[in-house]
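For reference, the structure discussed in these notes is given below.
There are 2 protein chains.
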Amino acid sequence: MNPDQITDLVVEIAERARVASHALASLPTTTKNQFLNALADRLIAGTDDILTANALDLSAARALNLSGPMTERLTFTPERIAAMAEGVRQVAMLPDPVGEEIERLSPPRGFDLRKIRVPMGVIGIIYESRPNVTIDCAVLCLKSGNAAILRGGKEAFHSNMKLSEIIQETLTASGINKDAVQFIPTTDRWALSVLLKQDKNVHCIIPRGGESLIRFAVENSRIPVIKHYTGVCSVYIDASADPEMAESILINSKCQRPSVCNAAENLIVHQDAAAQLPRLAKALHDQGVELRVDANAKSLLTASGLPLVDATAEDFATEYTDLIISIAVVPDLQAAIEFINQNSSGHTESIVTTDAAAAKQFLAGVDSAAVFHNASTRFSDGFEFGFGAEIGISTDRLHARGPMGLNELCTYKYILNGVGEIKS
Amino acid sequence: MNPDQITDLVVEIAERARVASHALASLPTTTKNQFLNALADRLIAGTDDILTANALDLSAARALNLSGPMTERLTFTPERIAAMAEGVRQVAMLPDPVGEEIERLSPPRGFDLRKIRVPMGVIGIIYESRPNVTIDCAVLCLKSGNAAILRGGKEAFHSNMKLSEIIQETLTASGINKDAVQFIPTTDRWALSVLLKQDKNVHCIIPRGGESLIRFAVENSRIPVIKHYTGVCSVYIDASADPEMAESILINSKCQRPSVCNAAENLIVHQDAAAQLPRLAKALHDQGVELRVDANAKSLLTASGLPLVDATAEDFATEYTDLIISIAVVPDLQAAIEFINQNSSGHTESIVTTDAAAAKQFLAGVDSAAVFHNASTRFSDGFEFGFGAEIGISTDRLHARGPMGLNELCTYKYILNGVGEIKS
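Residue numbers (my numbering), protein chains in the order written: chain A, 24 to 447; chain B, 24 to 447.
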């Protein structure tokens, strides 16, 4: 396709999505759930077809010498398809967010005025190599009454096309306008540029992928973008931290699953807890974690004989997603708060302390989406928060901050039931 | 100043605002309110100074042959300054939105997890000729714990500089970092372009002004923009509308204050209520309203002898802010809903009907921020909704939709109080 054809295609997709969104907004919950369960069935039934399409992507990946982790993210197995279908059934079981009364207002003239949760309208999701995102995002958008426009990465193109074919067949079979979920059938970058300008028909863009994809969206979009930047999360060991709890929370935050965004990247220690540092560092080392230390931490740890790397300023703002941690020692709690507000990505931070006043100061002063006291950073996700599902973890402040579930895919409107009131 | 100097200036303003925002987030309510009352006092005491500065703007306006309405918006009088000061005192009396528990969550593992309202951080307000916006926005941002960067129009430059001087003196006298409210002391367009790129330090841009200013912000900003586009509001007269109520709500919606965004621009009539149209049209005409009619309305009104203008398709998507109305006749309720969703700006629409089922369908199907049944569109504002103040009426869907009060100038964070929980 040439650029003009791509433009026409994407504009038409956006217009059709907008039209579909109007009926979706008042689609009965039962219809949505029937669709979701039917989709789960069809995914299982279509396992062989999905694997065949996936094999085309995997052989292209080999030809392109894609890295091991990228190929891993790309790969479907019957078990992964079954897990994906199970995730769809779980979304069917979640409460429908649409139509819920969020608030009954108290207007001065005593109107019956209510704030009601409604779908945003049309959501554009742009993502990279994981083809399961196609299903995850489609079902979350549909359950929340939104039309979805999906734009996946080229590595997973064949898998995505097959999945979107299954989605569209299931929509049609369920009596839902198939434009409710549309996949952009080209990986040309121009299609993305065109999509980001469709502000008349697309209401929100959610990029799921690396920083360069998000930056591209932010710099080129006329549509509001909800950003999911990296998680540079910190564990702060306060002066009064219980040593066993400190070790347990630190090791869990760093090591339980180091590749995810709510894993800790920074360890910050109050100088009055400096005596705990050798033990904490040894525990990290025993888990295979590389220790990157600032000058204070280095002088406290040199005697330990543990291998140390000098941390750069940049290290403290880096998401390693690996068994590496940056360690800083700070003079007091306020310095820890400022250090975190300077370096973290505003995702999740945890304080370990037995001092309630210190905890209160930390929880109030740290400017991140999730701030924990005596708990692992690993709990910062939509499932652990009770949302039942999540489309991502927003590092933005507007609209949605932190884990985004079905409610965060909605907006609201105000409904006033009057008896003929006029303004004098 | 040359462009490099302007860049340095704006970057520094943004960095200082970010630093100021951290302390502002936990500023006691009493300190904020003392500041607000002191500011009201200083505005009254500074009336002569403000009028002197304003006179410079007014003489420049005369030299530039500025239009009557623009000059009107620019003009301060002692009464207007007193009203502005009174508005500041009212904001002091409003509840502090910061720190409120929005929700106690029910996470599956039973954590103590709460969603707490917190300031966004730094808000950039860009606006045009009205200098009172400088005060209105500064006080709403400060009360909600946000640092503000204000960028006013060139027509009001001298007035704005004087007002910002008074704000900064009052901040200092109240023991608040004066970087909490900063006015950009140049009207060079480049300053605006630079401001819109400061996404590391500025968290939200709110343009208050005409469509071209908003478009410029949307197309050039890396920072989320909350848009306040025009209000193309509709009154829909359903088949079963009570004729007296229909006339009363229509006339109030159109004529009570035609220059504002919640005034009605479109009248849509169900064909089964066509018999009401001549009476409604005459009532509008008697109020001096020009009637722009579609073909159906024209044929129904020709016999009335009232002066009619043929409406274009564009008329139905136009905010007149004047004594003009566009009139369409539609075959049924669903056609009215579709007509509105096609043409309105998503601000406010009202149905007049005695049919509860029709009202329910309209309230659910119309995709606007505020949808009213049997009430004037003029009630769509923050004061009437009970917010006590408003920074504008958002036609956006993300973050804030409809009237924006202090709560909508805030974001939230999640606070978890644990006892050492780790993820297994």
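Even for Gly, the Cβ is constructed at its ideal location relative to N, Cα and C.
* To do: Indicate the three-state DSSP secondary structure (helix, strand or coil) for residue 58/B in the structure shown.
  => Helix, per DSSP.
* the segment 38-46 of chain A in contact with the segment 127-139 of chain A per 3-pair CB rule at 8 Å -> Pairwise C-beta distances place the segment 38-46 of chain A out of contact with the segment 127-139 of chain A, as fewer than three of them are shorter than 8 Å.
* Which of the three DSSP states, helix, strand or coil, is assigned to residue 326/B? -> helix
* Interface residues of the segment 265-298 of chain B facing chain A [CB-CB below 7 Å] -> 268, 271, 272, 275, 279
* Between which two residues does the beta strand (DSSP E) harbouring residue 151/B extend? -> That residue, residue 151/B, is in no beta strand (DSSP E); it is neither H nor E in DSSP.
* Give me the Cα-Cα distance between residue 199/B and residue 51/B, rounded to the nearest whole angstrom. => 11 Å
* Asked: Checking contacts by CB at 7 Å: is residue 421/B closer than that to chain E?
  -> Of the chains in the structure shown, none is chain E; the protein chains are A and B.
* Asked: Taking the DSSP output, what are the residues bridged to residue 127/B?
  -> Secondary-structure assignment with DSSP links residue 127/B through a beta bridge to 137/B.
* Asked: Under 9 Å Cβ-Cβ, which residues of chain B neighbour residue 200/A?
  -> Those within 9 Å of residue 200/A in chain B number zero; the least Cβ separation is about 15 Å.
* To do: Give a yes or no on whether the minimum CB-CB distance between residue 143/A and chain B is below 7 Å.
  => yes
* **Positions along the segment 228-254 of chain A whose CB lies within less than 7 Å of some CB in chain B** => 241, 242, 245, 247
* **Minimum C-alpha distance to residue 205/A - residue among 162/A, 231/A, 236/A** => 162/A
* Measuring only between beta-carbons, confirm whether residue 307/B sits less than 7 Å from chain A. => no
* **For residue 150/A, the nearest candidate out of 111/A, 291/A, 424/A, 250/A (CA to CA)** => 250/A
* To do: Would you mind telling me which residues of chain B sit closer than 8 Å to residue 434/A, beta carbon to beta carbon, in chain order?
  => 420, 421, 424
* **residue 45/A - DSSP class collapsed to helix/strand/coil** => helix
* **Selected residue, minimal CA-CA separation from residue 384/B, among 34/A, 49/A, 32/A** => 49/A
* Quick one: Cα of residue 264/B to Cα of residue 372/B, how far? -> 15 Å
* beta strand (DSSP E) containing residue 424/B: first to last residue? -> Element bounds for residue 424/B: n/a, residue is neither H nor E.
* To do: Count the CB pairs spanning the segment 280-290 of chain B and the segment 330-343 of chain B that are closer than 8 Å, and state whether there are at least three.
  => yes
* **Range of the contiguous alpha helix (DSSP H) that encloses residue 79/A** => 70-86
* Please name the residues in the segment 374-387 of chain B whose beta-carbon is closer than 7 Å to at least one beta-carbon of chain A, in chain order. => 386, 387
* On the premise that residue 390/A lies in contact with residue 364/A, defined as a C-beta separation below 8 Å, what is that separation, rounded to the nearest angstrom? -> 5 Å
* When the Cβ atoms of the segment 154-170 of chain B are set against those of the segment 431-443 of chain B, are three or more pairs found closer than 8 Å? -> yes
* Asked: Just to confirm, are residue 112/A and residue 63/A a CB contact at a threshold of 7 Å?
  -> yes
* In the DSSP assignment, what residue or residues form a beta bridge with residue 289/A? -> 257/A, 349/A
* Could you list which residues in chain A have their beta carbon closer than 7 Å to that of residue 136/B, in chain order? => Ordered by position in chain A, the residues that pass the 7 Å Cβ test against residue 136/B are 408.
* **Inside the segment 365-425 of chain A only - beta strand (DSSP E) runs reaching at least 3 residues** => 371-375, 393-398, 415-417
* Asked: For residue 354/A, which residues in chain B fall below 7 Å Cβ to Cβ?
  -> Correct list: empty, because the minimum Cβ distance to chain B is about 18 Å.
* Asked: So, does the CB of residue 223/A fall closer than 7 Å to a CB anywhere in chain B?
  -> no
* Asked: Taking just the CA atoms, how far does residue 216/B sit from residue 208/B?
  -> The straight-line gap separating the alpha-carbon atoms of residue 208/B and residue 216/B is approximately 15 Å.
* 7 Å Cβ cutoff met for residue 170/B and residue 214/B -> Cβ distance not < 7 Å, so residue 170/B and residue 214/B don't count as in contact.
* Asked: Can you give the Cα-Cα distance for residue 230/B and residue 148/B, rounded to whole angstroms?
  -> 6 Å
* Between which two residues does the alpha helix (DSSP H) containing residue 176/A stretch? -> In the DSSP assignment, residue 176/A falls outside any alpha helix (DSSP H) and carries neither an H nor an E.
* **Contacts around residue 233/B, its chain only, beta-carbon distance under 8 Å, and the 5 residues preceding and following it disregarded** => 151
* **Contact set for residue 356/A: own chain, Cβ-Cβ below 7 Å, skip 5 residues either direction** => 261, 293, 381, 384, 385
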